[in-house]
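Visitor:
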């Protein structure tokens with residue numbers, strides 16, 4: 001069943017209106033008709049079952065039938081700090097990280113990042129694209145919340161911007177002694193967890209040192225070198241399995 005997000009000043013309205021691109025998608029792409037059911041999320045908090053009861057050009061009226069007893073309260077809150085990869089890999093990472101339940105996605109420009117986002121207008125354009133991908137992935141995966149995709153930031157901005165109460169885990173291919181499993185056992189599930197993943201070229205040594213100085217736990221992901229997009233999703237999935245809602 002298709003799902004759509006609605007912002008409403010009324011927490012529990014009897015009817016809502018879908019407009020803009022979503023209305024066009026319902027009418028022209030999905031070709032839905034009056035009487036068909038869909039899922040509506042009000043203010044990114046509560047899920048409802050709704051029924052289309054009117055359709056005009058660019059506007060779809062939905063009668064809310066009943067509240068679905070489900071929220072997006074998760075066992076853990078994951079923040080992904082992703083070294084910006086080249087080409088469209090970030091699109092894929094944003095989509096899959098959203099499906100896996102990440103709450104915030106922060107693209108980070110690191111020293112070895114092949115792709116450079118140096119101009120403000122380019123950064124804003126990228127951020128809007130990635131946010132749209134997150135929105136669509138949240139609809140598809142029936143999430144109640146949509147992760148926020150931040151503007152691309154520098155490495156130093158990331159270090160300064162990670163909140164003090166956040167636990168930081170860093171995947172590092174040259175870490176041979178400290179594995180992920182033991183670190184997962186010691187995590188405080190009540191506090192947010194930042195997952196930091198390097199770009200294709202990996203980290204510079206001074207970046208790893210800056211992360212250590214910030215209190216990050218540096219861990220290896222096994223004997224094989226993973227691509228950045230594989231490392232991100234493998235790390236998140238393992239974290240969700242051990243501490244979150246995939247166990």
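In the numbering used here, the protein residues as written are 1 to 247. For glycine and all other residues, C-beta sits at the position ideal for the given N, C-alpha and C. All of these numbers come straight from a predicted model, not from anything done at the bench.
With residue 109 as the anchor, note down where its beta strand (DSSP E) starts and where it stops.
Guide: As a working note, residue 109 is residue 109 in the chain shown. Residue 109 -> beta strand (DSSP E) spans 104-109.
Visitor: Touch check for the segment 223-240 and the segment 78-89: three-plus C-beta pairs under 8 angstroms?
Guide: yes
Visitor: Just the Cα atoms here: how many angstroms apart are residue 124 and residue 118?
Guide: Counted from its first residue, the chain shown places residue 124 at position 124. Counted from its first residue, the chain shown places residue 118 at position 118. A direct Cα-to-Cα measurement between residue 124 and residue 118 gives close to 11 angstroms.
Visitor: Bridge partners for residue 63 per DSSP, in chain order?
Guide: Sequence index remark: in the chain shown, residue 63 carries index 63 (1-based). Paired residue(s): 15, 51.
Visitor: Quick check on residue 1: does DSSP put it in helix, strand or coil?
Guide: Start at 1 with the first residue of the chain shown, and residue 1 comes out as number 1. Correct three-state label for residue 1: coil.
Visitor: Would a C-beta distance cut-off of 8 angstroms place residue 84 and residue 109 closer than the cut-off?
Guide: The sequence position of residue 84 within the chain shown is 84, counting from 1. The sequence position of residue 109 within the chain shown is 109, counting from 1. For residue 84 and residue 109, yes; Cβs fall inside 8 angstroms.
Visitor: For the 8 angstroms Cβ check, are there 3 or more pairs between the segment 95-111 and the segment 202-209?
Guide: yes
Visitor: Considering just the uninterrupted stretch of the alpha helix (DSSP H) at residue 138, what are its terminal residues?
Guide: One-based indexing of the chain shown puts residue 138 at position 138. Where residue 138 is concerned, the enclosing alpha helix (DSSP H) stretches over 120-140.
Visitor: Identify whether residue 80 lies in helix, strand or coil by the three-state DSSP scheme.
Guide: If you number the chain shown from 1, residue 80 lands on position 80. In the structure shown, residue 80 sits in a strand (DSSP, three-state: E or B).
Visitor: Look at residue 193 and residue 26 and say whether their C-beta atoms are less than 8 angstroms apart.
Guide: For the purposes of this step, residue 193 is taken as the residue at position 193 of the chain shown. For the purposes of this step, residue 26 is taken as the residue at position 26 of the chain shown. Going by C-beta atoms, residue 193 is not nearer than 8 angstroms to residue 26.
Visitor: Residues in the same chain with beta-carbon distance under 8 angstroms from residue 91, minus the five sequence neighbours each way, listed in chain order, please.
Guide: One-based indexing of the chain shown puts residue 91 at position 91. Spatial neighbours of residue 91 in its own chain (CB-CB distance under 8 angstroms, excluding positions within 5 residues in sequence) are listed in chain order as 129, 130, 133.
Visitor: Less than 8 angstroms separating the beta-carbons of residue 15 and residue 64?
Guide: Stepping through the chain shown from its first residue, residue 15 is reached at position 15. Stepping through the chain shown from its first residue, residue 64 is reached at position 64. A contact, by the Cβ cut-off of 8 angstroms.
Visitor: Could you pull out every unbroken beta strand (DSSP E) segment of at least 3 residues lying fully inside the segment 169-197, listed in chain order?
Guide: As summarised for the segment 169-197, the continuous beta strand (DSSP E) elements at least 3 residues long and confined to that stretch are 193-197, given in chain order.
Visitor: Could you check which residue in 31, 214, 144 has the C-alpha nearest to that of residue 58?
Guide: Locating residue 58 in the chain shown gives position 58, where the first residue counts as 1. When each option's Cα is compared against that of residue 58, the closest is 31.
Visitor: Anyone know if the C-beta pair for residue 39 and residue 74 falls short of 8 angstroms?
Guide: Here residue 39 refers to the residue found at position 39 when the chain shown is read from its first residue. Here residue 74 refers to the residue found at position 74 when the chain shown is read from its first residue. Taking 8 angstroms as the Cβ cut-off, residue 39 and residue 74 do not qualify as a contacting pair.
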